[in-house]
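For reference, the structure is listed below as structure tokens.
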Amino acid sequence: AQSVTQPDIHITVSEGASLELRCNYSYGATPYLFWYVQSPGQGLQLLLKYFSGDTLVQGIKGFEAEFKRSQSSFNLRKPSVHWSDAAEYFCAVGVRRDDKIIFGKGTRLHILP
Amino acid sequence: EAGVAQSPRYKIIEKRQSVAFWCNPISGHATLYWYQQILGQGPKLLIQFQNNGVVDDSQLPKDRFSAERLKGVDSTLKIQPAKLEDSAVYLCASSLGGGGPQYFGPGTRLTVT
Chain A
1 AQSVTQPDIH ITVSEGASLE LRCNYSYGAT PYLFWYVQSP GQGLQLLLKY
51 FSGDTLVQGI KGFEAEFKRS QSSFNLRKPS VHWSDAAEYF CAVGVRRDDK
101 IIFGKGTRLH ILP
Chain B
1 EAGVAQSPRY KIIEKRQSVA FWCNPISGHA TLYWYQQILG QGPKLLIQFQ
51 NNGVVDDSQL PKDRFSAERL KGVDSTLKIQ PAKLEDSAVY LCASSLGGGG
101 PQYFGPGTRL TVT
């Protein structure tokens with residue numbers, strides 16, 4: 001069965017520091033992969049997506065993610081975080097056969113001033 | 001392009017009362033999803049529509065929850081009667097299908113007292 005694991009429930013970084021949020025997936029074929037961000041009281045906003053091709057994908061707000069098939073990972077990175085990046089981040093895998101998305105449990109990002 | 005619209009944004013009801021939520025997806029999106037997100041967790045799929053037909057409602061508590069998408073466009077989700085454990089954010093999402101990205105509305109925060 002398809003699954004997504006985000007091993008870190010909470011991450012705290014200082015403003016201006018670099019960020020990496022981890023995501024591992026289980027899927028029998030080449031996956032569609034997504035990162036979403038959810039600010040307090042808001043719905044989920046799509047940050048970036050991987051369908052095929054270049055394994056390093058660029059998203060909005062200065063985020064990028066790298067698909068590593070050998071490690072079944074799709075980690076999210078940002079070189080320098082801003083206080084406004086404090087939010088919950090969800091990694092997800094798209095199941096094409098069922099037209100569904102399986103979400104991880106999320107990582108809450110805290111930013112220190 | 002307009003995003004996914006949901007109303008109301010907030011609702012407070014007493015247990016055993018009924019409540020309804022409305023969603024209007026992005027124009028042209030055939031697939032519509034309703035999710036329940038309990039505080040601190042990722043979204044849980046309740047029901048998935050393809051046009052006006054139900055694709056998956058295996059996680060919908062059918063003794064109290066119902067949903068419809070009569071004309072294949074907007075949709076309503078109803079809870080009757082509500083229980084305390086139904087307190088959550090109800091998210092609507094839509095997509096073009098094929099396992100691609102889903103686009104979410106702002107959600108409805110339900111509090112059952």
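Protein sequence lines correspond, in order, to chains A and B.
Take the first sequence: its letter number 71 is residue 71 in our numbering, and every next letter is one higher.
Take the second sequence: its letter number 90 is residue 90 in our numbering, and every next letter is one higher.
Each residue gets a CB set at the ideal place from its N, CA and C atoms; glycine is no exception.
| Check | Outcome |
| --- | --- |
| If I measure Cβ to Cβ from Ala-87 (chain A) and keep anything under 7 Å in the same chain, skipping five residues before and after, which residues do I get? | Val-37, Gln-38, Ser-39 and Leu-109 |
| Whole angstroms is fine: what's the gap from Val-67 (chain A)'s alpha carbon to Leu-19 (chain A)'s? | It is Phe, not Val, that sits at residue 67 (chain A) in the sequence shown. If you take the alpha carbons of Phe-67 (chain A) and Leu-19 (chain A), they lie about 16 Å apart. |
| For Val-4 (chain A), which residues of its own chain have a beta-carbon under 7 Å away from its beta-carbon, when the five flanking residues on both sides are left out? | Cys-23, Tyr-25, Cys-91, Ala-92, Val-93, Ile-102, Phe-103 and Gly-104 |
| Give, in chain order, every residue of the region 75–101 of chain B whose Cβ lies closer than 9 Å to some Cβ of chain A. | Val-89, Leu-91, Cys-92, Ala-93, Ser-95, Gly-97, Gly-98, Gly-99, Gly-100 and Pro-101 |
| So is Lys-78 (chain A) buried or exposed if we call it buried at 16+ other beta carbons inside 10 Å? | buried |
| Considering only C-alpha positions, which residue in the set B:Lys-78, B:Trp-22, B:Arg-9 and B:Gly-3 is nearest to His-29 (chain B)? | B:Gly-3 |
| With distance defined between alpha-carbon atoms, name the residue in A:Thr-12, A:Thr-30 and A:Glu-15 nearest to Gln-2 (chain A). | A:Thr-30 |
| Am I right that Leu-44 (chain A) and Phe-104 (chain B) are in contact with their C-beta atoms under 8 Å? What's the rounded C-beta distance? | 4 Å |
| Between which two residues does the beta strand (DSSP E) carrying His-10 (chain A) extend? | 10–14 |
| Is there a Cβ from chain B that is less than 7 Å from the Cβ of Gly-53 (chain A)? | no |
| Could you check whether the Cβ of Ile-9 (chain A) sits closer than 7 Å to any Cβ belonging to chain B? | no |
| With a threshold of 8 Å on Cβ separation, who are the neighbours of Asp-114 (chain B) within its own chain once the five nearest residues in sequence on each side are excluded? | This structure cannot settle anything about residue 114 (chain B), because the visible part of chain B is limited to 1 through 113. |
| For Arg-16 (chain B), is the classification buried or exposed, using 16 other Cβ atoms within 10 angstroms of its Cβ as the cut-off for buried? | exposed |
| Taking the Cβ atom as the reference point for each residue, do Tyr-10 (chain B) and Leu-91 (chain B) lie within a distance shorter than 7 Å? | no |
| Considering just the uninterrupted stretch of the beta strand (DSSP E) at Thr-30 (chain A), what are its terminal residues? | Neither: Thr-30 (chain A) is in no beta strand (DSSP E) and is coded neither H nor E. |
| If you follow the beta strand (DSSP E) that Ile-101 (chain A) is part of, which residue opens it and which one closes it? | 100–103 |
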